[in-house]
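Engineer: Each residue of the sequence shown is one higher than the one before, counting from 18 in our numbering.
Think of the CB as a built atom: it goes at the ideal place given N, C-alpha and C, for glycine as much as any other residue.
Got a structure here, written out as structure tokens. Questions coming.
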Amino acid sequence: MPMIHLSRRALLCASLAAVLAVPGLAGARAAEKLTIMTSVPSLEFPFFVHMMKALKGEADKLGDITVVESDGQNSTTKEGRSTDAFQAVDCARQTDARHAQNVH
């Protein structure tokens, strides 16, 4: 199988485009500000710092996107807990929003 080489910027843009292309997200994006959590193994490494800055820059260009950073500090346990906590908060927010729509 041939190997495909992408620049870091192309990979970042493709990742952000994939997130924004999720079905149903376009409607949600029009109604409210989008929040994306990024989790990296450690911000001690320049590569991850660069990727985080590039992602934030692309989000700023698109507008109405908040990027939440999570630094795993070289601990898979910490990184997992951070993503789990973010998902729990997001689920609670979505449940509250759905409940508010159904209450008259």
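Can you say whether L72 is buried or exposed, counting buried as having 16 or more other CB atoms within 10 angstroms of its CB?
Structural biologist: As a working mapping, residue 72 is identified with position 55 in the sequence shown. When all chains shown are included, L72 counts as buried.
Engineer: Between Q90 and L60, is the Cβ-Cβ spacing less than 9 Å?
Structural biologist: For the purposes of this step, residue 90 is taken as the residue at position 73 of the sequence shown. For the purposes of this step, residue 60 is taken as the residue at position 43 of the sequence shown. Contact: yes.
Engineer: Could you tell me whether the Cβ atoms of I53 and T100 are closer together than 9 Å?
Structural biologist: Stepping through the sequence shown from its first residue, residue 53 is reached at position 36. Stepping through the sequence shown from its first residue, residue 100 is reached at position 83. No; because the gap between Cβ atoms is not below 9 Å, this pair is not in contact.
Engineer: I'd like the list of long-range same chain contacts for A109, defined as Cβ closer than 8 Å, with 5 residues on each side in sequence excluded.
Structural biologist: The residue labelled residue 109 in the question sits at position 92 within the sequence shown. Around A109: no qualifying Cβ.
Engineer: Out of K50, T94, F65, state which residue places its alpha-carbon closest to the alpha-carbon of E86.
Structural biologist: Counted from its first residue, the sequence shown places residue 86 at position 69. Looking at the Cα atoms, F65 is the closest of the given residues.
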